[in-house]
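Scroll down for the structure; my scribbles are underneath it.
Laid out in structure tokens, this is it:
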């Protein structure tokens, strides 16, 4: 084992190629550490944002509700049109006029 008399003199013991390789390894390790820290930060933020996004089950439930509401609206439109058609066939204007006369008499 060799005793180092001058610790400052260590860098001269290594060749320039070896020094460059060591520098690259340290640089790579530093970059990996930075990336890990960034990934941890992204993970924390994604967990915080998890509440903003719907799960697949929630999407299915909401889609069912929307489909049910849409079906009810289509049925409402259909029956409204049927009622209007019926009013047209049975002189709806006379029915409305009779209703207005009754309302005028109530006042």
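In my numbering, the protein residues as written are 3 to 109. Even for Gly, the Cβ is constructed at its ideal location relative to N, Cα and C. Just so we're clear, the structure is a prediction, and the values are computed from it rather than from any experiment.
- Unbroken alpha helix (DSSP H) runs of no fewer than 4 residues, entirely contained in the stretch 4-78, are found at 18-51, following chain order.
- Between residue 84 and residue 98, the alpha-carbon positions lie close to 17 Å from each other.
- CA-CA distance, residue 56 to residue 71, rounds to 20 Å.
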